Each structure stands twice: as C-alpha cells, then as structure tokens.
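Q: Have a look at this one.
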Amino acid sequence: MAWPFGAGSGEAEAIAQGRQLYVGNCASCHGAKLEGRPGWKRQLPSGRMPAPPHDASGHTWHHPDGVLFRITKERPAAVVGNGYASDMPGFEDILNDEEIRAVLAFIKSTWPERERAYQAEMSRREQEKTQ
C-alpha cells in the first residue's frame, strides 16, 4: 500500500483527488493547511485530544501506511484500542478504499523529503512484518 513519489500521472491524479476529498472531509478538523487544532497536544475537557496536524509539525508521518489507512477507515479507537476515545469518525461509510488512499497520498505529498523518507521506511517495515 505504499505510494512512491514521482510515480507518474496516476499518482498526480490521486493527489489531486485526495486534495479535494481532504478539503471536503478532513479540513474542518485538521485545518485547510493541514495545521491541526491549536493546542493539539493537550487533552480537551472531554478527555479527548484535538485533531492533530497532518503537516510535518505533527506525528502523522511517524505512522506506516497500514496504520494511517486503518485510522482513517475505522477511526483511531480501532487502532489504538484500550477504550481510546476520539472525535474522529471512521470514514468507511463515506470514502471507499481508493479515496482514502488518495487522501493519504495528498497528505504525504505535502511533507518534506526527510519526513516522506522516514514514513516510507516505516511502511516498508510494516509490509515486511505482514508478509
């Protein structure tokens, strides 16, 4: 499920589609510029965490592709477990798998090379474990 950068027009189309889907489904919480909510590292009075940034200042790039996909599709609690509560919904009834991959491709396309390389390595290691 890795998306190598510079893969050609198919990837450019996926990124463009992902940008549109991000604006329509994610930006209201994660920010139009992927900046997340102010104070995203501090717990809200509800006990939940604010939406984190998806730019290089956040931690999204620390996670491999499979984890990012599951968080988006199933919601964070499905991945974190242990009663973790989040305001983020799962998008399985809103976006199909290819649309989720497109959103992730868009987010990843905004990261500097260092963060993309780190995340690609985490995804490679994840893939090795599942083979």
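Okay, so the sequence shown: first residue is 1188 according to the numbering used here, each after it adds one.
All C-beta atoms, glycine included, are put in the ideal place defined by N, C-alpha and C.
Treat the numbers as computed from the prediction; the structure is a model and nothing was measured.
1. Any chance you could list the alpha helix (DSSP H) runs of at least 4 consecutive residues sitting entirely within the segment 1248 to 1313, in chain order?
2. Do you know how far the Cα of residue 1265 is from the Cα of residue 1285?
3. Select from 1210, 1295, 1211 the residue whose C-alpha is nearest the C-alpha of residue 1256.
4. With 16 other CB atoms within 10 Å as the buried threshold, where does residue 1312 fall?
5. For the structure I just gave you, are there three or more beta carbon pairs, one from the segment 1233 to 1246 and one from the segment 1203 to 1220, closer than 8 Å?
6. In or out: residue 1281 buried (at least 16 other Cβ within 10 Å) or exposed?
7. Measure the alpha-carbon distance for residue 1203 versus residue 1318 and round it to whole angstroms.
8. In angstroms, rounded to a whole number, what distance separates the CA positions of residue 1244 and residue 1309?
9. Exposed or buried, which one is residue 1271 when buried takes at least 16 other CB atoms within 10 Å?
A: By the coordinates alone:
1. 1252 to 1261, 1263 to 1267, 1284 to 1296
2. 20 Å
3. 1295
4. exposed
5. yes
6. exposed
7. 31 Å
8. 18 Å
9. exposed
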